[in-house]
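*Asks:* Structure in structure tokens, see below.
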Amino acid sequence: MSCISSAACIFCKIIKGEIPSFKLIETKYAYSFLDIEPCSKGHALVIPKYHGAKLHNLPDEYLHDVLPILKKLAIALEYNIDSPEGKSYNILQNNGRLGHQVVDHVHFHLIPKNTEKDGLIVGWPAEKANFDDLSLLHKELLKKLED
Ligand code: AMP
Ligand code: ZN
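Using our numbering, the letters of the sequence shown map in sequence onto residues 3 to 149.
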């Protein structure tokens, strides 16, 4: 098994089978299981088999399997399938306390949205951008991405 772990981390313990989980899919680089405090029926987690707190801490190879696993789980989830537009769901990955992260091992939530009231409830303080500011930011970012 490919796994760089931390002895104190609850998700590393789940990967190693030291504490139980409702396992769904496991690959060389990732592991998925049901969330035990779901905010909707079918709420699942996908975790890379590498102990890193935030997304940018992970080597790329540990991310390779994550989206294909999320896609498989999304197909398997039959909830809300009768809705006219088909099933709804969100993929969420929190980083840092301000970003609502509680467990410091990177994880991706797959959260079915079965009703208005369950699942992910998004607060999004969007405002129209100032295009001069946006253009400046764009230039800064492109420069950083080149380096
Ligand atoms: P986050 O706020 O993104 O860090 O979310 C952490 C998630 O991990 C929460 O939804 C918890 O319910 C979930 N969680 C914590 N411990 C376990 C566990 N032992 N098994 C399954 N899910 C867990
Ligand atoms: Zn860990």
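All C-beta atoms, glycine included, are put in the ideal place defined by N, C-alpha and C.
Treat the numbers as computed from the prediction; the structure is a model and nothing was measured.
(1) Looking only at its own chain, which residues have a Cβ that is under 7 Å from the Cβ of Leu6, when we skip the five neighbours before and after it?
(2) Is DSSP giving Tyr122 helix, strand or coil here?
(3) With 16 as the cutoff for other CB atoms within 10 Å, does Ile17 come out buried or exposed?
(4) Tell me whether His66 counts as near ligand 2, meaning its Cβ is closer than 7 Å to at least one heavy atom of that ligand.
(5) Could you give the residue range of the alpha helix (DSSP H) that holds Pro70?
(6) Decide if the segment 61-68 is in contact with the segment 113-125; the criterion is three or more beta carbon pairs, one per stretch, under 8 Å apart.
(7) With a Cβ-Cβ cutoff of 8 Å, do His109 and Leu47 count as a contact?
(8) What are the boundary residues of the alpha helix (DSSP H) that Leu138 is part of?
(9) Helix, strand or coil for Lys15? Go by DSSP, reduced to three states.
(10) When we look at the beta-carbon of His45 and count the other beta-carbons within 10 Å, is it buried (16 or more) or exposed?
(11) By the three-class DSSP mapping on this structure, what secondary structure does Met3 have?
*Replies:* In terms of the structure at hand:
(1) With the sequence shown as reference, residue 6 is identified as Ile, and Leu is not the correct amino acid for it. Excluding sequence neighbours, Ile6 sits near Tyr52 and His53.
(2) It should be noted that the sequence gives Leu, not Tyr, for residue 122. Three-state result, Leu122: coil.
(3) Of the residues assessed, Ile17 falls on the buried side of the cut-off, its CB having 16 or more other CB atoms within 10 angstroms.
(4) It does not: the Cβ of His66 is nowhere closer than 7 Å to a heavy atom of ligand 2.
(5) Val68 to Ala78
(6) no
(7) yes
(8) Phe133 to Glu148
(9) helix
(10) buried
(11) For Met3, the predicted structure reports a pLDDT of 43, less than 50, and the residue's modelled location is therefore unreliable. A value from the coordinates is still provided. Met3: coil per DSSP, three-state reduction.
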